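Peer 1: Those protein sequences? They're chains A, B and C, same order as listed.
Under this note's numbering, the first residue of the first sequence is numbered 5, with each subsequent residue one higher.
Under this note's numbering, the first residue of the second sequence is numbered 7, with each subsequent residue one higher.
Under this note's numbering, the first residue of the third sequence is numbered 207, with each subsequent residue one higher.
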Amino acid sequence: MKKMSKKFLALGLSLIMVLSMAACGNSSDSQQPASQPAQESEPAKEETPEAAPSEDASDAEAESTGDAAGADQNASITLWTYPIGNWGDSATVDSLIASFNQQYPGISVTVEYLDYTNGDDQVNTAIEGGQAPDIVMEGPERLVANWGSRGLMVDLSDLFATEAGGEIYDSVESACKSPDGKYYEYPLCMVAHCMAINQTMFEAADAMQYLDAENHTWTTENFLKAVQAVYDSGQENVAAIYCSGQGGDQGTRAIINNLYSSTFTNAEHTAYTADTPENIKALETLYAQDGINFDASINGGEEITLFRNGTLAMSFCWNAAQQTNADNSAAGTTNNGDTILPMLFPSDDGKTELCGGIWGFGVFDNGDQAKIDAAKTFIDFICNNPDQVKESVKASTYFPVRPTLTGIYDGMEIADTMDVFSTYFMPSMGDYYQVVPGWAEARTEWWNMLQRIGTGGDVATEVSTFVTNANTAANAGN
Amino acid sequence: MAKSSNMTSRSKALVRRETRSAYLFLLPNMIFFIGFVIIPMILCIYTSFFDSTMGKDAKDVFIGFQNYIELWKDPIFVRSLKNTFVIVIVSVPVVCIFSLWVSALIYKLKGPILSTFRCVFYLPVVTGSVAVTVVWKWMFNNYYGIFNYVGKGLGLVDKNINWLGDEKYALWCIILILLTTSVGQPIVLYVSALGNVDTSLVEASEVDGATNLQQFWKIKWPLIMPTTLYILVITTINSFQCFALIQLLTSGGPNHSTDTVMYYIYYTAFKLYRYGYGNAMGVVLAIFIALLSAVQFKLAKEK
Amino acid sequence: MNSGVKRTSVYKIVTMIILVILAILFAFPLYWIVTGAFKTAASINATTPDWFPKEWVMDNFKKLFSRQTAPLWELAVPFGSKFSADGKPIVFFAGPVVPAAIRWLVNTVFMSVMAMVLTCITAAMAGYALAKKRFRGQQLLFTLIVCAMALPKQVILIPLLREMSALSLYNTIWAVIFPTVGWPFGVFLMKQFSEGVPGEMLEAARIDGAGEAKTFIDIVLPMIKPGIGALAIFTFINSWNDYFMQLIMLNSTSKLTISLGIAKLQAENSTDFGLIMAGASLAAIPIIAIFIAFQKYFTQGIAMGAVKG
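Next up, the structure:
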């Protein structure tokens with residue numbers, strides 16, 4: 005009897021194993037599609053929830069504004085987004101996808117949210133795992149210079165050939181173009197990255213005299229005086245050259261390049277030329293300055309948190325979306341209510357070159373034409389549909405890439421702030437150099453270099469090591 | 007082995023039956039072992055001779071031993087190899103000694119007190135490596151971590167120390183966390199091993215006037231030797247597997263001072279896209295570890 | 207004599223105090239996780255830490271649970287995505303929609319239990335064969351097992367990733383389970399235990415005409431049961447704590463494990479320690495509860511490992 009029961013137990017166990025193996029043996033993503041909020045009440049109907057009844061499809065077709073052919077597209081695609089404004093927030097993205105699905109009910113979009121710490125690794129493992137996302141939302145430094153140059157992306161020239169595509173600023177368009185003339189990104193929005201100061205702390209330290217609050221500018225000399233003044237007023241940590249990883253590294257590049265007006269790459273975007281005497285001087289100055297720490301334990305995002313909670317008096321990782329962010333406190337203030345004043349990076353020649361951020365969509369070539377077409381349909385809808393694009397840009401809290409799109413933030417609380425940014429900051433947008441070959445490796449080398457300098461390495465030597473390694477990667481990429 | 011002398015007496019059929027049944031018993035495990043350990047290992051060795059990268063049109067180029075030659079010229083690899091061995095060489099003996107010391111103190115205590123102690127020291131193990139890591143990250147925080155607060159309060163540090171952002175401290179911080187998550191199991195093992203030591207032997211030695219220390223070395227230590235060896239093996243395995251700590255706390259920084267070979271392989275593969283090079287590192291590490299295991303096992307066998 | 211006694215008792219008291227301090231230090235991270243999860247944002251970021259939450263709030267948990275959602279479980283047709291019309295897996299049975307963090311717990315439990323069961327079954331069989339059978343390649347196999355035992359999985363990261371992709375297992379929980387099962391430590395442990403099974407008993411069973419399977423189930427298994435217990439606990443805890451394989455093999459929200467989920471929380475909200483601690487306590491508390499409830503079995507099981515190991 006006992007033996008019998010044991011046998012049954014064994015049989016049962018193996019049966020369960022086989023069943024559960026079968027049960028979970030699916031390979032691709034079976035996540036709840038973000039497009040189906042109705043699902044919450046009917047979870048059991050997972051299979052093909054997007055194959056909406058045909059009358060819905062025809063309704064949508066009747067309503068759709070011209071691109072009716074796409075309405076009967078049937079595919080399921082994945083969209084991976086980096087936290088670009090509210091494009092990292094599932095509620096916002098769900099509503100954008102819901103409006104897409106009203107017109108294209110046959111295309112289901114599943115979203116995954118990446119972060120700037122591990123996001124790249126996640127995409128890279130997925131590529132090696134054979135399950136790259138269909139669409140990824142980020143900037144040219146990843147889409148064009150990295151994955152695009154490795155032949156993993158689909159050429160999006162046809163999107164640029166549309167009427168809306170023709171309106172895109174030339175500088176933005178050229179950033180999305182690879183050296184071989186293909187477009188691996190279709191841009192949606194852009195911003196000029198700047199810095200910010202805690203005005204309340206500056207006032208307390210009597211440091212406001214060093215800057216032009218009206219025009220948001222200051223000179224290098226005054227910047228250093230201001231840092232010293234704030235430090236002397238008892239603020240031990242004024243600013244941090246954060247370098248635990250690549251997150252927010254545009255800020256460290258911008259402060260260093262602007263301080264004595266140098267550049268990061270050559271004008272042709274073929275080589276890294278950061279080893280100029282000006283850059284070396286900038287690094288030495290920052291290293292020697294009281295109150296500025298090279299902090300290898302934080303990245304850009306963490307620096308922002310420290311700035312917001314009053315630990316730091318300055319952030320080098322700022323932009324319009326940060327200024328209007330009201331997650332923890334009223335927009336434009338720190339957690340304890342201090343006023344945040346966005347500033348241009350200091351420059352010795354009075355001409356600041358801000359690092360631009362351009363964000364848009366790229367399509368991975370997963371070998372399935374239906375998915376590629378569906379992905380393009382999605383991008384076209386989000387970026388080009390006149391009824392939709394303003395919402396899409398608004399979700400990013402950045403600026404449109406086409407001059408014809410105006411008044412996006414009209415009537416909103418943040419309209420004034422956005423106006424300040426477009427008046428005082430966007431015109432200072434500098435060269436978009438993040439498309440030099442080997443960019444992914446170069447930025448890794450960059451934060452490594454900052455760490456070495458922070459731990460007492462000789463600046464000139466370390467900078468030249470950086471340039472050598474970065475250029476090796478650039479040449480290998482060619 | 008199948009032809010050893012005592013088998014000649016048996017019929018060939020029996021041998022064949024035995025061999026077949028042995029293979030059948032081995033089969034389920036071998037599917038996993040060969041499929042997910044041996045085959046990848048062979049592929050790893052194979053790819054290590056190629057210049058291999060990510061990309062649609064990227065073709066692997068055969069470059070012979072170049073990856074291996076480059077390894078020894080790569081200061082970061084040498085540093086990470088050093089760090090790996092520092093971690094293992096420090097943590098293995100410290101774990102053993104610390105857990106033996108704690109166990110020796112607690113194994114005679116009353117039941118509930120004993121199990122409370124055992125439970126507390128085991129807590130970091132069951133808390134989960136990632137949960138433990140994130141709380142330590144917070145405690146080590148430069149600006150509002152508890153270590154700087156307590157350190158300043160007690161006058162041990164006069165200025166906030168950037169524990170994880172300073173080359174001088176980062177690796178030791180990691181080793182410290184690793185230690186707290188490693189001693190739980192050895193303590194449980196030692197407590198039970200010490201509890202199993204025959205009391206009559208101990209009493210006899212007391213009559214002979216042996217001191218506590220003599221008692222320990224002459225009687226208890228040999229008896230708990232198998233436990234010690236087992237602990238050495240699992241602690242070595244554990245120390246080599248430490249990845250979450252490094253990835254989540256420092257990502258190998260600052261300035262590669264906490265890079266281990268395990269992390270550097272990951273870094274090389276997914277930040278620098280050099281698969282062949284990463285695999286070459288893997289092969290070198292595997293050789294070191296295999297040698298170490300073989301030595302350990304040999305020692306264990308002799309005892 | 208008297209002073210000697212005094213000295214030993216002083217020594218005892220001092221060591222006891224040290225021990226208690228150590229115990230407090232060991233328990234402190236867990237205490238900090240749990241209290242941190244209930245602290246307000248202001249309290250979390252205070253430069254003067256609150257040793258005990260002044261005010262207990264559920265904000266962090268609310269935040270954690272208001273993030274993404276996922277069905278509690280999903281059963282799908284194996285490899286369904288290969289032949290379904292839209293390239294999606296064919297899910298035939300999905301659970302109610304819950305906060306993703308709960309799903310991560312479910313995934314982690316499933317993964318750890320599956321790894322444990324598969325490892326115990328296969329390793330017990332293989333260990334027995336290695337200890338009690340003679341066959342061609344035995345020495346080679348055993349050497350391989352010993353050498354591979356301490357091998358970190360990072361070594362085979364890239365080939366394993368490509369292999370899983372080729373087998374269409376990438377981004378499934380099986381991609382994490384299978385390599386765990388293949389890890390040879392279990393076989394090694396089971397071999398050590400099986401060696402204690404007396405050969406005469408096996409011989410007697412054979413003479414009685416018992417088949418191989420019967421001998422194994424009726425004679426070997428009961429004798430190595432303590433070893434299986436030790437291995438089960440070891441495997442369960444190891445796969446619960448494992449992070450690397452999960453990081454490499456899993457990527458969609460509904461596939462994550464709790465470790466991976468917390469790591470992702472940390473990357474996304476790098477300094478929102480309240481939220482991270484909420485995630486961490488969600489991960490830690492269930493397993494600690496299990497541990498405390500079954501402490502006796504745990505410690506016995508673990509200790510068993512050493513007797514033969």
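Ideal Cβ positions, reconstructed from N, Cα and C, are used throughout, including at glycine.
These figures come from a predicted structure and were not determined experimentally.
1) Please report how far the alpha carbon of B/K174 lies from the alpha carbon of B/I180, in whole angstroms.
2) Does any CB atom of chain C fall closer than 9 Å to the CB of A/A73?
3) Should the segment 140 to 151 of chain B be regarded as contacting the segment 235 to 255 of chain C, the criterion being three or more beta carbon pairs within less than 8 Å?
4) Excluding sequence positions up to five away, which residues of its chain have a Cβ less than 7 Å from the Cβ of B/Q253?
5) Can you tell which of B/I51, B/L30, B/S27, B/A210 has its C-alpha closest to the C-alpha of B/I293?
6) Can you give me the C-alpha to C-alpha distance between B/L348 and B/M231, rounded to a whole angstrom?
7) Below 9 Å on C-beta distance, what does B/L278 contact in chain A?
8) Which bits of chain B does C/A321 rub up against, with CB to CB less than 8 Å?
9) Using the Cβ count rule (16 or more neighbours within 10 Å means buried), how would you classify C/F399?
10) Taking the beta carbon of A/A217 as the centre, do at least 16 other beta carbons fall within 10 Å, making it buried, or is it exposed?
11) I need the straight-line Cα distance from B/W78 to C/M483, nearest angstrom please.
12) Keeping to the same chain, check which residues put their C-beta closer than 7 Å to that of A/M157; ignore five residues upstream and five downstream.
13) Classify A/P407: buried if its beta carbon has 16 or more other beta carbons within 10 angstroms, exposed otherwise.
14) Mind listing which residues of the segment 123 to 148 of chain A have their C-beta closer than 7 Å to chain C's C-betas, in chain order?
15) In three-state terms, what does DSSP make of A/G29?
16) Would you list the residues sitting across from A/I83 in a DSSP beta bridge?
17) Does the distance from the C-beta atom of B/V239 to that of B/Q302 stay below 9 Å?
18) Could you give the distance in angstroms between the alpha-carbon of C/A381 and the alpha-carbon of C/L375?
19) I think C/I494 touches B/T133, with their Cβ atoms under 8 Å apart; what is that distance to the nearest whole Å?
20) List the residues of chain B that A/R154 touches, going by C-beta distances under 9 Å, in chain order.
21) Please report whether the beta-carbon of A/N313 lies at a distance below 9 Å from any beta-carbon of chain C.
22) Helix, strand or coil for A/K181, going by three-state DSSP, please let me know.
23) Which chain C residues sit within Cβ distance under 8 Å of B/F38?
24) Please report the Cβ distance between A/Q107 and A/F385, rounded to the nearest whole angstrom; I am assuming they are in contact, meaning their Cβ atoms lie under 8 Å.
25) Is the beta carbon of C/D448 closer than 9 Å to that of A/T309?
26) 9 Å is my cut-off, CB to CB: does A/E240 come that close to chain B?
27) Leaving out the 5 sequence neighbours to the left and right, which residues in its chain are closer than 7 Å to B/P130 when beta-carbon positions are compared?
28) Ends of the alpha helix (DSSP H) at B/S86?
29) Going by beta-carbon coordinates alone, are A/E132 and B/M60 separated by less than 9 Å?
30) Would you list, in chain order, the members of the segment 468 to 489 of chain C that have their beta-carbon closer than 9 Å to a beta-carbon of chain A?
31) Count the other CB atoms, across all protein chains shown, that sit within 10 Å of the CB of A/M416; report buried if there are 16 or more and exposed otherwise.
32) Just curious, the alpha helix (DSSP H) that C/N266 is in, first and last residue?
33) Can you have a look at A/K398 and say buried or exposed, based on whether 16 or more other CB atoms are within 10 angstroms of its CB?
34) Going by DSSP, what residue range makes up the alpha helix (DSSP H) through A/E288?
35) Identify whether B/P34 lies in helix, strand or coil by the three-state DSSP scheme.
36) Starting from B/C248, trace the alpha helix (DSSP H) both ways and give me its first and last residue.
Peer 2: The structure says:
1) Position 168 of the second sequence, counting from 1, holds the residue named residue 174 of chain B. Position 174 of the second sequence, counting from 1, holds the residue named residue 180 of chain B. Cα-Cα distance, rounded: 12 Å.
2) If you number the first sequence from 1, residue 73 of chain A lands on position 69. Residue placement at A/A73 cannot be trusted, given a pLDDT of 47 that sits under 50; what the coordinates show is reported in the next sentence. False, the Cβ-Cβ gap to chain C never drops below 9 Å.
3) yes
4) One-based indexing of the second sequence puts residue 253 of chain B at position 247. Only Y269 meet the Cβ criterion.
5) Taking the second sequence and counting its residues from 1, the one referred to as residue 293 of chain B is at position 287. The shortest C-alpha separation from B/I293 is found at B/I51.
6) A question about residue 348 of chain B goes unanswered here, because the residues of chain B that appear run from 7 up to 309.
7) Here residue 278 of chain B is taken as the residue at index 272 of the second sequence, counted from 1. Those within 9 Å of B/L278 in chain A are A444, E445, T448, A477.
8) Numbered from its first residue, the third sequence carries residue 321 of chain C at position 115. Those do not exist, as C/A321 stays about 10 Å from chain B at its closest Cβ, beyond 8 Å.
9) Your numbering for residue 399 of chain C matches position 193 in the third sequence. Classification of C/F399: buried, given that the 10 Å Cβ count is 16 or more.
10) Mapped onto the first sequence, residue 217 of chain A falls at position 213. That one is exposed.
11) The sequence position of residue 78 of chain B within the second sequence is 72, counting from 1. The sequence position of residue 483 of chain C within the third sequence is 277, counting from 1. Using only the alpha carbons, I get a separation of about 42 Å.
12) Against the first sequence, residue 157 of chain A aligns to sequence position 153. Here the set comprises L147, W151, Y188, G366, V367, F368, D369.
13) Within the first sequence, the letter at position 403 stands for residue 407 of chain A. It is exposed - the Cβ of A/P407 has fewer than 16 other Cβ atoms within 10 Å.
14) Q126, T129, A130, E132, G133, G134, Q135
15) To locate residue 29 of chain A, count along the first sequence from 1; it is residue 25. For A/G29, the pLDDT reaches just 37, beneath the cut-off of 50, and the residue's location in the model is therefore unreliable, although a value from the coordinates is still provided. A/G29: coil per DSSP, three-state reduction.
16) Indexing the first sequence from 1 puts residue 83 of chain A at position 79. The residue asked about is misnamed: residue 83 of chain A is Leu in this sequence, not Ile. In the DSSP output, where bridge partners are listed per residue, A/L83 has A/V115, A/I139.
17) Translated into the one-based positions of the second sequence, residue 239 of chain B becomes position 233. Translated into the one-based positions of the second sequence, residue 302 of chain B becomes position 296. Contact: yes.
18) As a working note, residue 381 of chain C is residue 175 in the third sequence. As a working note, residue 375 of chain C is residue 169 in the third sequence. Their Cα atoms are separated by approximately 6 Å.
19) In the third sequence, residue 494 of chain C corresponds to position 288, counting from 1. In the second sequence, residue 133 of chain B corresponds to position 127, counting from 1. Indeed they touch by this definition, with Cβ atoms about 7 Å apart.
20) Counting from 1 along the first sequence, the entry for residue 154 of chain A is found at position 150. The answer, in chain order, is T59, M60, G61, K62, D63, A64, Y279.
21) Position 309 of the first sequence, counted from the first residue, corresponds to residue 313 of chain A. Yes, A/N313 counts as interfacial toward chain C.
22) Position 177 of the first sequence, counting from 1, holds the residue named residue 181 of chain A. Here A/K181 sits in strand by DSSP.
23) Numbered from 1 along the second sequence, position 32 holds the residue referred to as residue 38 of chain B. Simply L324, T328, F384, P385, V387, G388.
24) Residue mapping note: residue 107 of chain A aligns to position 103 of the first sequence, counting from 1. Residue mapping note: residue 385 of chain A aligns to position 381 of the first sequence, counting from 1. Yes, they are in contact, since the Cβ atoms of A/Q107 and A/F385 sit about 7 Å apart, within 8 Å.
25) Position 305 of the first sequence holds residue 309 of chain A. Position 242 of the third sequence holds residue 448 of chain C. For A/T309 and C/D448, no; Cβs fall outside 9 Å.
26) The count along the first sequence starts at 1 and reaches residue 240 of chain A at position 236. Yes, because at least one Cβ of chain B sits closer than 9 Å to the Cβ of A/E240.
27) Sequence index remark: in the second sequence, residue 130 of chain B carries index 124 (1-based). If we look at B/P130 and ignore the five residues flanking it on each side, its Cβ neighbours are V138, T186, T187, G190.
28) Looking up residue 86 of chain B in the second sequence gives position 80. Taken as a continuous stretch (DSSP letters only), the alpha helix (DSSP H) holding B/S86 covers 81 to 112.
29) For this step, residue 132 of chain A is matched to residue 128 along the first sequence. For this step, residue 60 of chain B is matched to residue 54 along the second sequence. Cβ distance < 9 Å, so A/E132 and B/M60 count as in contact.
30) A469, K470, Q472, A473, E474, N475, S476, T477, D478
31) Start at 1 with the first residue of the first sequence, and residue 416 of chain A comes out as number 412. Exposed, by the Cβ-count rule.
32) Residue numbering aside, residue 266 of chain C sits at position 60 when the third sequence is read from its first letter. That run of the alpha helix (DSSP H) goes 265 to 271.
33) Position 394 of the first sequence, counted from the start, is the residue given in the question as residue 398 of chain A. Classification of A/K398: buried, given that the 10 Å Cβ count is 16 or more.
34) On the first sequence, position 284 is the one that residue 288 of chain A refers to. Run containing A/E288: 281 to 292, per the alpha helix (DSSP H) assignment.
35) Numbered from its first residue, the second sequence carries residue 34 of chain B at position 28. B/P34 falls in the helix class under three-state DSSP.
36) Residue mapping note: residue 248 of chain B aligns to position 242 of the second sequence, counting from 1. Careful: B/C248 lies outside any alpha helix (DSSP H) and carries neither H nor E.
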